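Participant: Position one of the sequence shown corresponds to residue 14 (my numbering), numbered consecutively onward. Glycine included, C-beta positions come from ideal geometry on N, C-alpha and C. Values in this document were obtained by computation on a predicted structure and should not be read as measured data.
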Amino acid sequence: MASGWPSPPFRTALDPGRILTPADKVTAVDRVRTALGLGRDSRTAYGDSGSDIPLFRELSHTVAVNADDALRQLARCHYDGDDLWAAYRIARSRSPERGEAPSLDVQGRR
14 MASGWPSPPF
24 RTALDPGRIL
34 TPADKVTAVD
44 RVRTALGLGR
54 DSRTAYGDSG
64 SDIPLFRELS
74 HTVAVNADDA
84 LRQLARCHYD
94 GDDLWAAYRI
104 ARSRSPERGE
114 APSLDVQGRR
């Protein structure tokens, strides 16, 4: 998808109305989910900061990646490290019925 933003360096002020807000993330995910005919629990959100909190509050399948404490507390799983495939694998291995929030260390090991 092409960006709607001009190439840097920016020569004019950017329109703040086009900046995605934390609440917009929830709206965007719901629109795509609805368009694809997917159920609410068919989505997994990955996030790292407070801007992902509204999305994590809406979804049950969430993975905090190198995240701050506020987001980690809301996440089903969390991962710290630089191997995003490891974060993906830990999320895929978790059953929605299980309430544990496993952690991985920097090397991606349990």
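Suppose you measure from the CA of ASP95 to the CA of ALA26; what does that come to, to the nearest Å?
Facilitator: Distance between the alpha carbons of ASP95 and ALA26 is about 34 Å.
Participant: Going by DSSP, what residues sit across from GLY60 in a beta bridge?
Facilitator: In DSSP, GLY60 forms a bridge with ALA77.
Participant: Quick check: the Cα distance between ASN79 and LEU87, rounded to an integer number of angstroms?
Facilitator: Going by the C-alpha atoms only, they are around 14 Å apart.
Participant: Mapping the DSSP letters down to three states, classify ARG123 as helix, strand or coil.
Facilitator: Residue confidence is low: ARG123 scores 43 on pLDDT, short of 50, so the model does not pin down where it sits. No coordinate-derived value is stated.
Participant: So, does the stretch 69–79 touch the stretch 45–52, judging by three or more C-beta pairs under 8 Å?
Facilitator: In short, these stretches do not touch, since the Cβ pair count stays below three.
Participant: In whole angstroms, what separates the C-alpha of ASP61 from that of PRO29?
Facilitator: C-alpha separation (whole angstroms): 22 Å.
Participant: Distance check for PRO22 and ASP54, CA to CA, integer angstroms please.
Facilitator: Their Cα atoms are separated by approximately 41 Å.
Participant: If we call anything under 8 Å between Cβ atoms a contact, is ARG107 one with ARG89?
Facilitator: Yes, the pair counts as a contact, with Cβ atoms nearer than the cut-off.
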